[in-house]
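First residue of the sequence shown? That's 11 in the numbering used here, and the numbers climb one at a time after it.
Single-structure report; data block below.
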Amino acid sequence: MNQEYISIRHLSKKFDRSFVLKDVNAVLGKGEILGFLGPSGAGKTTTIKILTGQLRPTSGEAEVLGIPCDRIDERIYEQIGIVTDTSGVYERMTVYDNLKYFARLLNVPLDRIDPMLKRIGLYEHRKKPAGKLSKGQTQRLILARAILHRPKVLFLDEPTSGLDPSTALEIHSLLLELKKEGMAIFLTTHNMDEATKLCDHVALLNEGVIVEYGSPEEICLKYNRIKRYRVQLTDGTKLTLSQDPDTAGRIMIWMKENRIETLHSCEPTLETVFLEVTGRELK
Ligand SMILES: Nc1ncnc2c1ncn2[C@@H]1O[C@H](COP(=O)(O)OP(=O)(O)OP(=O)(O)O)[C@@H](O)[C@H]1O
Ligand SMILES: [Mg+2]
11 MNQEYISIRH LSKKFDRSFV LKDVNAVLGK GEILGFLGPS GAGKTTTIKI LTGQLRPTSG
71 EAEVLGIPCD RIDERIYEQI GIVTDTSGVY ERMTVYDNLK YFARLLNVPL DRIDPMLKRI
131 GLYEHRKKPA GKLSKGQTQR LILARAILHR PKVLFLDEPT SGLDPSTALE IHSLLLELKK
191 EGMAIFLTTH NMDEATKLCD HVALLNEGVI VEYGSPEEIC LKYNRIKRYR VQLTDGTKLT
251 LSQDPDTAGR IMIWMKENRI ETLHSCEPTL ETVFLEVTGR ELK
């Protein structure tokens, strides 16, 4: 069996008098990406804070690399990387010096810095004060800092929120490379397309409760109750047809006559599933 890097069992968290996480269960193995998805206030950041030892759970257990979260100390910080919305950079230090500072702190050989800067596309900016970077560049620097010590587990709290699509794509391909190298990545996002593309498993979280858990594909197929095809013909006609023998016959004829411009099955996306199970929008 794949090595389990994170395990969460019956985790609950209460602030004041209300529960913001209720009986949450999840696992993350080596080389996997797990996505916690849900609207604002669902409990995503709270989960990351518990897993990284910044908050104590009210009940239940969570382990990261076999260590219970309430006993997390420096030893584990050498093996995990964290990016949250409060992760900052030293604005007056150069891009290079920001990484050098962390390399020293975490006992990382300095010759890893240049290859890392090249990998994240900041090598040309290495002498610039970090405060002068654009938002996307800053986000990449924060990510570089979180992975410089080659952690086994990476926590990312909305890593691409507010980034332009091409920077988000660059971050996605970097995350997939890290996954291939065996890193386990726990990420939170509002972005269902991002989750579908990156995650081996997702947990749909609503008001502290996991309402669906599985691979994005499994979840979408589970909700594919009314099976339909969407067809556009070469004369511009657009049709949505139920999956039945009559439709199959019509499609076959159109195909023979070369009249089909596009043909799609209409299985739901994670976004439509989420709307169905929670009855509300994601943002
Ligand atoms: N320290 C705290 N004290 C009291 N309530 C808190 C505290 N931290 C978080 N909460 C509450 O817990 C709930 C979950 O918050 P959390 O930050 O985990 O949500 P989130 O899913 O990360 O949302 P977002 O998508 O907006 O980042 C919210 O209702 C929030 O107000
Ligand atoms: Mg949050």
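Where a beta carbon is used, it is the ideal one built from N, C-alpha and C, also for glycine.
Nonlocal neighbours in the same chain, by C-beta distance under 6 Å from residue i, ignoring five residues either side
i	result
Val212	Gly45, Leu47, Ala205 and Pro226
Glu14	Val37 and Gly39
Ser97	Ile152
Thr68	Ser22, Lys23 and Lys24
Leu273	Val241
Local Cβ density within 10 Å of residue i, reported as buried at 16 or more and exposed below that
i	result
Thr250	exposed
Ile157	buried
Lys167	Note on identity: in this sequence residue 167 is Asp, with Lys being the wrong assignment. By the 10 Å Cβ count, Asp167 comes out buried.
Pro119	exposed
Phe25	exposed
Lys59	buried
Thr247	exposed
Lys266	exposed
Unbroken alpha helix (DSSP H) run spanning residue i, endpoints
i	result
Glu88	Glu88 -> no alpha helix (DSSP H), and no H or E assigned at all.
Ala113	Val105 to Leu115
Residue i - containing beta strand (DSSP E), residue span
i	result
Ile220	Val219 to Gly224
Ser69	Ser69 to Val74
Leu251	Lys248 to Ser252
Ile130	Premise fails: Ile130 is in no beta strand (DSSP E) and is neither H nor E.
Thr199	Ala194 to Thr199
Neighbourhood of residue i by C-beta distance below 7 Å, restricted to the same chain and skipping five residues each side
i	result
Val99	Asn108, Ala140, Thr148, Leu151 and Ile152
Ile92	Thr62, Ala156 and Phe165
Sequence-distant residues of its chain with Cβ nearer than 8 Å to residue i (five each side left out)
i	result
Thr177	Gly146, Gln149, Arg150 and Thr170
Check: residue i C-beta below 7 Å from any heavy atom of ligand 3
i	result
Thr199	Among the ligands modelled here, namely ligand 1 and ligand 2, ligand 3 does not occur.
The stretch 161-180 touching the stretch 23-34, judged by at least three CB pairs closer than 8 Å: no
Any residue whose CB is nearer than 5 Å to a heavy atom belonging to ligand 1, listed in chain order: Phe25, Val30, Ser50, Gly51, Ala52, Gly53, Lys54, Thr55 and Thr56
Three or more C-beta pairs below 8 Å linking the stretch 46-62 and the stretch 190-204: yes
The stretch 227-237 in contact with the stretch 268-282 per 3-pair CB rule at 8 Å: yes
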